[in-house]
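K.L.:
My structure is below; once you've seen it, I'll send some questions.
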């Protein structure tokens, strides 16, 4: 389902119906990223209060360590847990207990990493109900990961793409403004280095996968030297694009190089990287900050209703 069309609420209603029909006695919600985990916690706290039978909401992420409490008594309880801790949970939670639960994976494409394949293979078969949520369920350049997700969770049961959401008035239309740029000689040299690395790895008997090559070339384009100049030339003529906007960058260093130029247009900006204060995100979502510069960290699932522009 496209971002903003209600994947979380859909999952909550599915859990609610299974509880009402007495098909399950508990649930596990697995997510990556503290922001999204906290958002799920707030949603669940409010949601279970409307149920006729009381349900406890446990958390195991950041400063919360409630995995053990849930494992001891998972009936009439829901656990929100980071995906990296699932293997540890499954060691504590008997297969019999899982037979009365649903497991929900938000941003299901994240389940297909090689590390999770090794630690979680076959573990989902103990759950009678398995639900994966994503706006982008396919893992790019990773057929092995896609097949693992299908084996563990199952086939897609419902699709609601962006075009359908806009046509039904659930999402607003948006304008897409591409800015053209060219690679510098230094950028082209970085691309040549990727191919040289590919050749060297092949000669050494340790060839790069197509995914590795494409990711490294993609990183060159994402950090191309000319892009900031092209962007700020556009901003000089369209400074309103910095209002209520998120600027996504590939690396912190690339984002920091933008700050001095952004400062000329607005002082209401903040960065939001791994070590930055979560208050920066809260202030942006409340409209107290015009512009947030960040990496991939908040590109999935976070609810920011004041957002006008994405760069």
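In my numbering, the protein residues as written are 1 to 311. No residue lacks a Cβ here, since even glycine has one placed at the ideal position from N, Cα and C. Predicted model only: the values in this text are computed from it and were never measured.
Would you report the Cα separation of residue 262 and residue 291, rounded to the nearest angstrom?
P.N.:
Indexing the chain shown from 1 puts residue 262 at position 262. Indexing the chain shown from 1 puts residue 291 at position 291. Rounded to the nearest angstrom, the two C-alpha atoms are 9 Å apart.
K.L.:
Where does residue 8 fall in DSSP's three states?
P.N.:
Your numbering for residue 8 matches position 8 in the chain shown. The answer is helix: DSSP assigns residue 8 an H, G or I state.
K.L.:
If you scan the segment 166-214 from start to end, which runs of the beta strand (DSSP E) of 3 or more residues do you find wholly inside it?
P.N.:
Counting whole runs of 3 or more residues, the segment 166-214 contains no beta strand (DSSP E) stretch at all.
K.L.:
Is the beta carbon of residue 44 closer than 8 Å to that of residue 80?
P.N.:
As a working mapping, residue 80 is identified with position 80 in the chain shown. As a working mapping, residue 44 is identified with position 44 in the chain shown. The answer is yes: Cβ separation under 8 Å.
K.L.:
Checking the sheet assignment: what are the DSSP bridge partners for residue 291?
P.N.:
By 1-based counting over the chain shown, the position of residue 291 is 291. Answer by DSSP bridge pairing, in chain order: 245, 269.
K.L.:
Compare the Cα-Cα distances from residue 47 to each of 177, 71, 16 and report the closest residue.
P.N.:
Indexing the chain shown from 1 puts residue 47 at position 47. Closest by alpha carbon: 16.
K.L.:
Given this structure, state the Cα-to-Cα distance separating residue 68 from residue 203, to the nearest angstrom.
P.N.:
Walking along the chain shown from the start, residue 68 turns up at place 68. Walking along the chain shown from the start, residue 203 turns up at place 203. Spanning the two alpha carbons is a distance of roughly 49 Å.
K.L.:
When we look at the beta-carbon of residue 172 and count the other beta-carbons within 10 Å, is it buried (16 or more) or exposed?
P.N.:
Walking along the chain shown from the start, residue 172 turns up at place 172. Counting Cβ neighbours within 10 Å, residue 172 comes out exposed, since fewer than 16 surround it.
K.L.:
Go through its chain and collect everything with a Cβ distance to residue 92's Cβ below 8 Å, but skip five positions before and after it.
P.N.:
Along the chain shown, read from residue 1 onward, the residue named residue 92 stands at position 92. Answer for residue 92: 67, 68, 71, listed in chain order.
K.L.:
Using the beta-carbon count (16 or more within 10 Å), is residue 109 buried or exposed?
P.N.:
Working through the chain shown from its first residue, we reach residue 109 at position 109. Buried, since its Cβ has 16 or more Cβ neighbours within 10 Å.
K.L.:
Which term fits residue 158, buried or exposed, when burial requires 16 or more other beta carbons within 10 angstroms of its beta carbon?
P.N.:
Locating residue 158 in the chain shown gives position 158, where the first residue counts as 1. Answer is exposed; the Cβ neighbour count stays below 16.
K.L.:
Where in the segment 97-177 do unbroken runs of the alpha helix (DSSP H), each at least 4 residues long, occur, reported from the N-terminal end onward?
P.N.:
Fully enclosed alpha helix (DSSP H) runs of 4 or longer: 114-120, 143-152, 162-167.
K.L.:
From residue 51 to residue 18, what does the alpha carbon distance come to, in whole angstroms?
P.N.:
Along the chain shown, one-based indexing puts residue 51 at 51. Along the chain shown, one-based indexing puts residue 18 at 18. C-alpha separation (whole angstroms): 12 Å.
K.L.:
Quick check: the Cα distance between residue 193 and residue 272, rounded to an integer number of angstroms?
P.N.:
Position 193 of the chain shown, counted from the start, is the residue given in the question as residue 193. Position 272 of the chain shown, counted from the start, is the residue given in the question as residue 272. Taking the straight line from one Cα to the other gives about 31 Å.
K.L.:
Can you tell me where the alpha helix (DSSP H) holding residue 46 begins and where it ends?
P.N.:
Numbered from its first residue, the chain shown carries residue 46 at position 46. Run containing residue 46: 34-48, per the alpha helix (DSSP H) assignment.
K.L.:
Count the other CB atoms, across all protein chains shown, that sit within 10 Å of the CB of residue 74; report buried if there are 16 or more and exposed otherwise.
P.N.:
In the chain shown, the residue the question calls residue 74 occupies position 74. Buried is the call here.
K.L.:
Going along the chain, which residues of its own chain have a beta-carbon closer than 6 Å to the beta-carbon of residue 281, five neighbours each way excluded?
P.N.:
On the chain shown, position 281 is the one that residue 281 refers to. Around residue 281: 272.
K.L.:
What are the boundary residues of the beta strand (DSSP E) that residue 229 is part of?
P.N.:
Taking the first residue of the chain shown as 1, we reach residue 229 at position 229. It is not in any beta strand (DSSP E) - residue 229 instead sits in the alpha helix (DSSP H) that spans 227-237.
K.L.:
Counting pairs of Cβ atoms below 8 Å between the segment 89-104 and the segment 117-136, do you hit three or more?
P.N.:
Short answer: they touch.
K.L.:
In the DSSP assignment, find the alpha helix (DSSP H) that holds residue 68 and state where it starts and stops.
P.N.:
Within the chain shown, numbered from 1, the residue matching residue 68 stands at position 68. From DSSP, the alpha helix (DSSP H) with residue 68 extends over 67-72.
K.L.:
Could you spell out the range, first to last residue, of the alpha helix (DSSP H) harbouring residue 255?
P.N.:
Taking the chain shown and counting its residues from 1, one reaches residue 255 at position 255. 252-256 is the span of the alpha helix (DSSP H), which, as asked, contains residue 255.
K.L.:
Does the segment 229-246 touch the segment 208-215, meaning 3 or more C-beta pairs lie closer than 8 Å?
P.N.:
The segment 208-215 vs the segment 229-246: no contact.
K.L.:
Using only CA atoms, which one of 166, 160, 114 lies nearest to residue 148?
P.N.:
To locate residue 148, count along the chain shown from 1; it is residue 148. Nearest option by C-alpha distance: 114.
K.L.:
Strictly by DSSP, which residues pair up with residue 80?
P.N.:
One-based indexing of the chain shown puts residue 80 at position 80. BP columns for residue 80 point to 29, 59.
K.L.:
Give the straight-line distance between the Cα atoms of residue 285 and residue 278, rounded to the nearest whole angstrom.
P.N.:
Translated into the one-based positions of the chain shown, residue 285 becomes position 285. Translated into the one-based positions of the chain shown, residue 278 becomes position 278. Cα to Cα, the separation comes out at about 11 Å.
K.L.:
Sort 14, 57, 120, 139 by Cα distance to residue 88 and report the nearest one.
P.N.:
Locating residue 88 in the chain shown gives position 88, where the first residue counts as 1. Ranking the options by Cα distance to residue 88, first place goes to 120.
K.L.:
Going by DSSP, what residue range makes up the alpha helix (DSSP H) through residue 281?
P.N.:
On the chain shown, residue 281 is found 281 positions in, with the first residue counted as 1. Start and end: 279-285.
K.L.:
Whole angstroms are fine: how far does the CA of residue 190 sit from the CA of residue 255?
P.N.:
Locating residue 255 in the chain shown gives position 255, where the first residue counts as 1. Locating residue 190 in the chain shown gives position 190, where the first residue counts as 1. Each residue's Cα considered, the two are about 19 Å apart.
K.L.:
Which word fits residue 176, buried or exposed, when buried means at least 16 other C-beta atoms lie within 10 angstroms of its C-beta?
P.N.:
Here residue 176 corresponds to residue number 176 of the chain shown, with the count starting at 1. The residue is exposed, with fewer than 16 neighbouring Cβ atoms inside 10 Å.
K.L.:
With residue 250 and residue 223 assumed to form a contact (beta carbons below 8 Å), what rounded beta-carbon distance in angstroms separates them?
P.N.:
The count along the chain shown starts at 1 and reaches residue 250 at position 250. The count along the chain shown starts at 1 and reaches residue 223 at position 223. Sure, about 5 Å apart at Cβ, within 8 Å.
K.L.:
Quick check on residue 259: buried or exposed, where buried means 16 or more other Cβ atoms within 10 Å of its Cβ?
P.N.:
Position 259 of the chain shown, counted from the start, is the residue given in the question as residue 259. Flag for residue 259 reads exposed.
K.L.:
Quick test of your reading: residue 153 and residue 124, contact by CB under 8 Å. State the CB separation rounded to the nearest angstrom.
P.N.:
Here the question's residue 153 lines up with position 153 in the chain shown. Here the question's residue 124 lines up with position 124 in the chain shown. The pair is a contact, with the Cβ atoms about 6 Å apart (cut-off 8 Å).
K.L.:
Could you tell me which of 309, 63, 61 sits nearest to residue 241, measuring between CA atoms?
P.N.:
By one-based count along the chain shown, residue 241 stands at place 241. Residue 309 is the option with its Cα nearest to residue 241.
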